[in-house]
Amino acid sequence: MSTYHEEDYNHNFSNRLSSHISTSSYKQLITESVILSVIIYGVIVLKFRKQKHTWLTEQQKEQIIAEWKPEPLVPEIPAEHSALETHYFDGKVSKFVTYDGKEYLNLATTNFLGLIGDKTIERNAKEAIAKYGVGSCGPRHFYGTVDVHLALEKQLADFLGCEEAVLYSYGFVTISSAIPSYAKKGDVIFVDKGVNFAIQEGLKGSKSRIEWFNHNDINDLERLLMEQAERDRKFPKLASKTRRFMMVEGLYMNSGDLCPLPELMALKWKYKVRIFIDESLSIGVIGKTGRG
1 MSTYHEEDYN
11 HNFSNRLSSH
21 ISTSSYKQLI
31 TESVILSVII
41 YGVIVLKFRK
51 QKHTWLTEQQ
61 KEQIIAEWKP
71 EPLVPEIPAE
81 HSALETHYFD
91 GKVSKFVTYD
101 GKEYLNLATT
111 NFLGLIGDKT
121 IERNAKEAIA
131 KYGVGSCGPR
141 HFYGTVDVHL
151 ALEKQLADFL
161 GCEEAVLYSY
171 GFVTISSAIP
181 SYAKKGDVIF
191 VDKGVNFAIQ
201 EGLKGSKSRI
211 EWFNHNDIND
221 LERLLMEQAE
231 RDRKFPKLAS
241 KTRRFMMVEG
251 LYMNSGDLCP
261 LPELMALKWK
271 YKVRIFIDES
281 LSIGVIGKTG
291 RG
């Protein structure tokens, strides 16, 4: 009588499996593998389906909601925080400002010309308010234009030596609306990296391709202009539809630097580029006649 051991069974099964694999065709092996996978998948699915899901009762839901405490949107600020201390500024916005009873030089203003506090300007402003009110409260092209607006535009045009000038009621929107009025989608604008926020908003509105050059770096600007010129030579049809602009500031708001205007103008004529110069801070300050 022979004794049958488990080791013998495993050995025989392995031999049979190896023999079956070696004698089976590739197509048959694929078929058997697919069938085996389907069987395993069915067993797993049936197992999970038999499990019972435990659903929360309405009372349990209400209890969880009642116990929930949301995190604060911002961390609590201690009562002794310096930002909570009260400070007072007294007086008009001018060259000096009174802070907590002490007088300080006011460096947080663009009142370079000292117009704020000028007695003549104050008197004329009061007379204008008495006659016209504090504002027209309407758009310029509809009912927001009065005679003094037109007179001032004429005087500004004569002072600057140009054909016409236009007034805006808010300085920020002047350059931010002027840029997209000229530059459109498909155009390219070469912009100094140091330009102010109002210019940046105008660039977004233009939807033009923006090429940034290093602040006041003429060589970097010319490199970009040369690349554009080469691009125009390769695609002349596209170049005929593309307008090119430069965007700089006469006196930079973020740094106080002056732009290298003679060099910029030389590149303008050399590469046939239009130029925007924001003179918001340089008008009346820079130049022999204060024209920027």
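Residue numbers for the sequence shown follow the UniProt record's numbering, beginning at 1 and rising by one.
Backbone N, C-alpha and C define an ideal beta-carbon position, used for all residues, glycine too.
Quick caveat, the model's predicted, so the values are computed rather than measured.
Give the DSSP bridge partners of residue i, in chain order.
| i | result |
| --- | --- |
| Phe245 | Ile189 and Arg274 |
| Phe96 | Leu105 |
| Arg209 | Val188 |
| Asp217 | Partner(s): none; Asp217 has no beta bridge. |
| Asp90 | Thr98 |
| Leu264 | According to DSSP, Leu264 bridges with nothing at all. |
| Leu258 | Leu251 |
By alpha-carbon positions, which one of the options ends up nearest to residue i?
| i | options | result |
| --- | --- | --- |
| Pro260 | Ile286, Arg223 and Ile218 | Ile218 |
| Leu115 | Arg223, Tyr88, Leu107 and Ser94 | Ser94 |
| Lys193 | Met247, Tyr41 and Asp118 | Met247 |
| Gly205 | Leu160, Tyr182 and Leu221 | Tyr182 |
| Ser282 | Val166, Tyr252 and Ala229 | Tyr252 |
| Lys237 | Gly186, Thr54 and Thr174 | Gly186 |
| Tyr168 | Pro72, Ser136, Ile64 and Arg209 | Ser136 |
| Gly202 | Lys272, Leu264 and Phe172 | Phe172 |
| Phe96 | Thr110, Thr86 and Glu85 | Thr110 |
| Pro139 | Val166, Ile129, Arg291 and Asp118 | Val166 |
Please state whether DSSP places residue i in a helix, a strand or coil.
| i | result |
| --- | --- |
| Leu105 | strand |
| Glu230 | helix |
| Leu156 | helix |
| Leu84 | helix |
| Leu115 | coil |
| Gly42 | helix |
| Phe197 | helix |
| Lys288 | coil |
| Gly171 | helix |
| Pro236 | helix |
| Leu56 | coil |
| Thr3 | No answer about Thr3 holds up, because its pLDDT of 49 lies below 50 and its placement is not dependable. |
| Arg140 | coil |
| Lys131 | helix |
| Val146 | coil |
| Ser280 | coil |
| Pro72 | coil |
Would you decide whether residue i is buried or exposed? Buried here means 16 or more other CB atoms lie within 10 Å of its CB.
| i | result |
| --- | --- |
| Val134 | exposed |
| Asp278 | buried |
| Ala266 | exposed |
| Ser176 | buried |
| Phe112 | exposed |
| Ala198 | buried |
| Val74 | exposed |
What's the C-alpha gap between residue i and residue j?
| i | j | result |
| --- | --- | --- |
| Ile35 | Ile44 | 15 Å |
| Glu163 | Gly256 | 30 Å |
| Lys207 | Phe213 | 18 Å |
| Tyr99 | Gly287 | 35 Å |
| Arg274 | Phe245 | 5 Å |
| Glu122 | Pro180 | 35 Å |
| Leu221 | Asn124 | 45 Å |
| Lys69 | Ala83 | 28 Å |
| Ser2 | Trp55 | Here the model assigns Ser2 a pLDDT of 47, short of 50, so the residue's position is not dependable, and the following value carries that caveat. The straight-line gap from Cα to Cα measures roughly 59 Å. |
| Gln228 | Asn196 | 25 Å |
| Ala157 | Thr174 | 16 Å |
| Thr289 | Leu160 | 10 Å |
| Leu258 | Leu264 | 12 Å |
| Phe190 | Glu153 | 29 Å |
Does residue i have its Cβ less than 9 Å from a Cβ in chain C?
| i | result |
| --- | --- |
| Ser280 | The chain inventory of the structure shown lacks chain C, comprising one protein chain alone. |
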